[in-house]
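S.K.: Per my numbering, the sequence shown runs over residues 31 to 645.
Note that beta-carbon positions come from the ideal geometry of N, C-alpha and C, so glycine has one too.
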Amino acid sequence: MNQAALSSFIWSVADLLRGNYKPHEYGRFILPFTVLRRLDCVLSPTKDKVLAESKKKADAGINPDPFLRRIVGEARFYNTSPMDLPKLLGDQDHIRQNLYSYVQAFSPEARDIFERFDFYTQIERLAKDKLLYLVTEKFANIDLHPDLVDNAQMGLVFEELIRKFAELSNETAGEHFTPREVIRLMVNLIFIEDNDVLTPGNAVVRTIYDPTAGTGGMLSVAAEHLIEHNPAARLTLYGQELNDESYAICKADMLIRGQDVGNIVPGNTLSEDGFTHRKFDYMLANPPFGVEWKKVQKVVTEEHEQKGFDGRFGPGLPRVSDGSMLFLLHLVSKMAPVVNGEGGCRFGIVLNGSPLFTGGAGSGESEIRRYLLENDLVEAIIGLPTDMFYNTGIATYVWIVSNKKPDDRRGHVQLIDASGFWRKMRKSLGSKRKEMGDEDIATVTRLFGDFTEAERVTVLDADGREVEQRIVTGTDSAPVAPEGGKLKRVPISRIFDKEAFGYTTITVERPLRDEAGNVVKFEKGKQRGQPQPDSSLRDTENVPLDEDIQAYFEREVLPHAPDAWIDEGKAKVGYEIPFNRHFYVFEPPRPLEEIDAELKQVAGNIMRMLGELAE
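#1: With three or more C-beta pairs closer than 8 Å as the rule, is the region 67-74 touching the region 159-178?
#2: Could you spell out the range, first to last residue, of the alpha helix (DSSP H) harbouring residue 307?
#3: Shortest alpha-carbon distance to residue 211 belongs to which of 390, 368 and 474?
#4: According to DSSP, is residue 293 helix, strand or coil?
#5: Taking the Cβ atom as the reference point for each residue, do residue 379 and residue 429 lie within a distance shorter than 7 Å?
#6: Tell me, to the nearest whole angstrom, how far the beta carbon of residue 515 is from that of residue 477; I am working on the premise that it is less than 8 Å.
#7: Out of curiosity, what's the CA-to-CA distance linking residue 533 and residue 602?
#8: Can you name the start and end residues of the beta strand (DSSP E) that residue 464 belongs to?
#9: Got a sec, what are the start and stop residues for the alpha helix (DSSP H) residue 85 sits in?
#10: Take the Cβ of residue 120 as the centre, count every other Cβ of all protein chains shown within 10 Å, and call the residue buried at 16 or more, exposed below.
#11: Taking the continuous alpha helix (DSSP H) assigned at residue 51, which residues delimit it?
#12: I want to know whether the region 308-321 touches the region 228-238 - three or more CB-CB distances under 8 Å.
#13: With DSSP collapsed to three states, give me the class of residue 204.
#14: Would residue 636 be called buried (16 or more neighbouring beta carbons within 10 Å of its own) or exposed?
#15: What are the uninterrupted segments assigned as beta strand (DSSP E) that are 3 or more residues long and contained completely in the region 161-235, given in chain order?
#16: Can you name the start and end residues of the beta strand (DSSP E) that residue 517 belongs to?
#17: How many whole angstroms separate the CB atoms of residue 191 and residue 60, which I take to be in contact at a CB cut-off of 8 Å?
#18: Leaving out the 5 sequence neighbours to the left and right, which residues in its chain are closer than 7 Å to residue 551 when beta-carbon positions are compared?
#19: Could you give the C-beta distance for residue 358 and residue 342, rounded to a whole number, given that I count them as a contact under 8 Å?
#20: Assign residue 614 to buried or exposed, taking buried as 16 or more other Cβ atoms, counted over all protein chains shown, within 10 Å of its Cβ.
#21: Return helix, strand or coil for residue 139, following the three-state DSSP convention.
#22: So, under 8 Å CB-CB, residue 288 and residue 106 are touching, yes? Tell me the CB distance rounded to an integer number of Å.
#23: Measuring CA to CA, which of 472, 75 and 354 is closest to residue 101?
#24: Runs of 4 residues minimum, wholly inside the region 380-423: which ones carry the alpha helix (DSSP H) assignment?
#25: Determine the direct distance from the alpha carbon of residue 388 to that of residue 442, and round the result to whole angstroms.
#26: Can you find at least 3 beta carbon pairs, one from the region 328-337 and one from the region 278-297, that sit closer than 8 Å?
#27: Identify which residue in 319, 390, 510 and 307 has its Cα closest to the Cα of residue 365.
#28: By the three-class DSSP mapping on this structure, what secondary structure does residue 583 have?
#29: By the DSSP assignment, the alpha helix (DSSP H) with residue 491 in it spans what residues?
#30: Hey, how far is the Cα of residue 581 from the Cα of residue 564?
#31: Specify the secondary structure class of residue 154 as computed by DSSP and reduced to three states.
#32: For the pair the region 480-499 and the region 582-593, tell me if three or more CB-CB distances fall below 8 Å.
#33: Closer than 6 Å by C-beta to residue 104: which residues in its own chain qualify, once you throw out the five before and the five after it? Chain order, please.
#34: Is it buried or exposed for residue 204, if we count other Cβ within 10 angstroms and need 16 for buried?
#35: If we call anything under 7 Å between Cβ atoms a contact, is residue 682 one with residue 195?
#36: May I ask which residues mark the beginning and end of the beta strand (DSSP E) holding residue 644?
Here it is, written out as structure tokens:
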């Protein structure tokens, strides 16, 4: 059974709930039952051994926990009840009590999952409405054994169900998970230069962290990617998640994968850092876009003011209306340091366009960009296609941040415009109408790995029809235009010095004049005899860091305002990354004669049709 069919089958349980419950409540029942059946199936091969060992140790007065964990192996959890979902159906009159006892018999880490779902409340509601047996029967007949449904497929099932329930309740499904192709791209980019990890047979150990873990999709894809390339490598997964349901699913997924579920913690990452003193080798994140952080403003502001750079938010604080850059700073604080040329960290984070340019010089956003760029942490920024996410169609960007840049990347930032690498989905999912195919992901990964400038060259024939499209780097030869045709060249990869994004904002003053046109001067103080500035004429100029301020002033300002001067005390250094500007290609308009002829033709056609109607 494929993922779509499986999720549809599970969704059919909703037919039992209609009438008794509102559509937005369906997830409260279906999600925990799906998790329960999955755990049920995972434990079935070792069930008999666990029960026998549990009784043996209990009779001997010995704590059975370590012995049972040895039996279940990588599962890392167990259940000491003789029941499972199919057996529960044998006693219809006592199914509520038996189901409750069955869930209670799980080991603590698994039991916590159902407490996060508030599963016991749902059991009582179903029992009261005489639906508990019918719902249990539905799930008992679904085979979710890992041999039939692997972990990757199961993760997609959970995501599809959450998306459907989010749509019914008008919630944002994108807050819970990230499209898998975006995750695959990010995983490719953060691992691409770690030869030790990717070389088969190297038994290396690495850590990876997601501060907005959702259902654990990013962590799962990263683990699958590493095992695919090097089965001997071990990746320890860490995550934190605010939403209880997403946390429960993520924790269940980690249990099944044999990960230490103690590494998955609940809570708000910004106000309750679950890994205060830990650093990580890799990190991935897709924080919510444009969500205010007013609820945690007091805690975050206190950490910024009291701890400074010893805390997470030393560089600055963004405006309260968008907290995504706080997650960026949080990740920076979690980067494993480089020691004697070894170690270090690389992470990927999905952000919208605001962190690239919002805020002028001296603002919190600009100071955060300044910190990242001046410390040479930004490795690359990749612009993704629009309509890639379930809850928004806006432009999004993947930032690759690293404190272990290779020598050729030091002091540089690579910008990649991948907005054209997509294919249309057969069926839209919320706002998601596009997806990146394997070839698209491979192309972007190659552009990043080669660290080279490149452009997309489109060959057009004499009639303007596309003949060929090719990606050309600096070492490649461009295609030749056919007779009468032309080449359309669009940059898709560019490399800049990190200082190219910096500027100094200078304040330009002009003198205040009286009614007679005479300059008004200060009569007292240190500025006595100096002209007073006219606030209505005050202006600012952004001078690139690589330009001399005085030379810029003399060239750009004085020819237009000979009486102007710079207030040097108000100068501020700022940083912005005008991503789209660097990929803009001017296309001259058509000749005026051609446009005029077309307008005359259209006007003639309209007059002819009007004449026909009048007949």
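M.R.: A quick look at the data gives this:
#1: Short answer: they touch.
#2: Note, residue 307: premise wrong, no alpha helix (DSSP H); not H, not E.
#3: If we check each option's Cα against that of residue 211, 474 comes out closest.
#4: The answer is helix: DSSP assigns residue 293 an H, G or I state.
#5: A contact, by the Cβ cut-off of 7 Å.
#6: In this structure, residue 515 and residue 477 do not form a Cβ contact; the two beta carbons are roughly 26 Å apart against a cut-off of 8 Å.
#7: Distance between the alpha carbons of residue 533 and residue 602: 8 Å.
#8: Secondary structure note for residue 464: its beta strand (DSSP E) is the uninterrupted segment 462-465.
#9: Looking at the DSSP string, the run of the alpha helix (DSSP H) that includes residue 85 is 77-89.
#10: Looking at its Cβ environment, which holds fewer than 16 other Cβ atoms inside 10 Å, residue 120 is exposed.
#11: Neither: residue 51 is in no alpha helix (DSSP H) and is coded neither H nor E.
#12: Touching, yes.
#13: In this predicted model, residue 204 has a pLDDT of only 43, less than 50, meaning its place in the structure is not dependable enough to derive any value.
#14: By the neighbour-count rule (16 or more Cβ atoms within 10 Å), residue 636 is not buried but exposed.
#15: If you keep only unbroken beta strand (DSSP E) runs of at least 3 residues inside the region 161-235, you get nothing at all.
#16: Where residue 517 is concerned, the enclosing beta strand (DSSP E) stretches over 516-527.
#17: Contact flag correct, Cβ pair sits at about 6 Å.
#18: Correct list, in chain order: 559, 560, 561 and 562.
#19: Not quite, the Cβ-Cβ distance comes to about 10 Å (not below 8 Å), so this is no contact.
#20: Its Cβ having fewer than 16 others within 10 Å, residue 614 is exposed.
#21: DSSP places residue 139 in helix when its eight states are reduced to three.
#22: The pair is a contact, with the Cβ atoms about 6 Å apart (cut-off 8 Å).
#23: For the residues 472, 75 and 354, the minimum Cα distance to residue 101 belongs to 75.
#24: Secondary structure remark: continuous alpha helix (DSSP H) runs of at least 4 residues inside the region 380-423, in chain order: 384-387 and 394-404.
#25: Distance between residue 442 and residue 388, taken at the CA atoms: about 22 Å.
#26: Because the criterion of three Cβ pairs below 8 Å is not met, the region 328-337 and the region 278-297 do not touch.
#27: In this structure, 307 is the residue among 319, 390, 510 and 307 with its C-alpha nearest to the C-alpha of residue 365.
#28: Taken through DSSP and simplified to helix, strand or coil, residue 583 comes out as helix.
#29: Bounds of any alpha helix (DSSP H) do not take in residue 491, whose DSSP letter is neither H nor E.
#30: Those two C-alpha atoms are separated by around 24 Å.
#31: Helix.
#32: Under the 8 Å Cβ criterion, the region 480-499 does not count as touching the region 582-593, having fewer than three qualifying pairs.
#33: If you ignore the 5 residues before and after residue 104, its C-beta comes within less than 6 Å of the C-beta of 288, all in its own chain and listed in chain order.
#34: Model confidence at residue 204 stands at a pLDDT of 43, short of 50, so the residue's coordinates are unreliable; what they give is reported in the following sentence. With 16 or more Cβ atoms within 10 Å of its Cβ, residue 204 is classed as buried.
#35: With the chain covering only 31 through 645, there is no way to say anything about residue 682.
#36: Under the DSSP assignment, residue 644 falls outside any beta strand (DSSP E), being part of the alpha helix (DSSP H) whose first and last residues are 622-644.
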